[in-house]
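Novice: Take a look at the following structure, please.
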Amino acid sequence: MYIRTQDSCQIVDSGYIERFCLVIKPDAVLIIASYSENRAVTIGKYADKTEARDAFDALYYAILNDDMAFDMPQSRLFLGEQTKRDSRTKRKGGS
Numbered sequence: 004m005y006i007r008t009q010d011s012c013q014i015v016d017s018g019y020i021e022r023f024c025l026v027i028k029p030d031a032v033l034i035i036a037s038y039s040e041n042r043a044v045t046i047g048k049y050a051d052k053t054e055a056r057d058a059f060d061a062l063y064y065a066i067l068n069d070d071m072a073f074d075m076p077q078s079r080l081f082l083g084e085q086t087k088r089d090s091r092t093k094r095k096g097g098s
């Protein structure tokens, strides 16, 4: 099965993957594909453990069903508008 990463910049062949893992970081939860003990690729980055678990379960069921391709689901961490809230946006010029 081919897996397109969340950022759509890589396609990973799951035939060469030893294991898929959830890695909990302070700011996000990563789903990684591990080729060996020293080599891994991040295939998804999620806002919290629940969101990552849902994506991980979807990947698991796609592997069980022998799907040919799978797109990693997008995270709400990266969706939506990100506005800057500082003094640059409040002042519109003038002296």
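Quick note on my numbering: the sequence shown kicks off at 4 and runs consecutively. The C-beta atom is built at its ideal place from N, Cα and C for all residues, glycine as well. If you're wondering where the values come from, they're calculated on a predicted model, not measured in any experiment.
1. Would DSSP call K48 helix, strand or coil?
2. With a CB to CB cut of under 6 Å and the five nearest residues on each side skipped, what residues in its chain are close to A43?
3. Helix, strand or coil for S11, going by three-state DSSP, please let me know.
4. Please confirm whether A50 and S78 have their CB atoms less than 8 Å apart.
5. What residue range does the beta strand (DSSP E) around A36 cover?
6. What are the start and end residues of the beta strand (DSSP E) that includes R22?
7. Exposed or buried, which one is A55 when buried takes at least 16 other CB atoms within 10 Å?
8. Based on Cα-Cα distance, which residue from I14, C12, G18 lies nearest to I66?
9. Are the beta-carbon atoms belonging to L25 and V15 less than 8 Å from one another?
Specialist: If we stick to the structure as given:
1. K48 falls in the strand class under three-state DSSP.
2. The answer, listed in chain order, is I35, S37.
3. Three-state DSSP puts S11 in coil, outside helix and strand.
4. Pairing A50 with S78 gives a Cβ-Cβ distance under 8 Å.
5. It spans 32 to 37 - the beta strand (DSSP E) in which A36 sits, taken as one unbroken run.
6. Annotation for R22: the continuous beta strand (DSSP E) segment containing it runs 22 to 27.
7. Its Cβ being crowded by 16 or more others within 10 Å, A55 is buried.
8. Comparing Cα positions, the closest option is G18.
9. No, they are not a contact pair.
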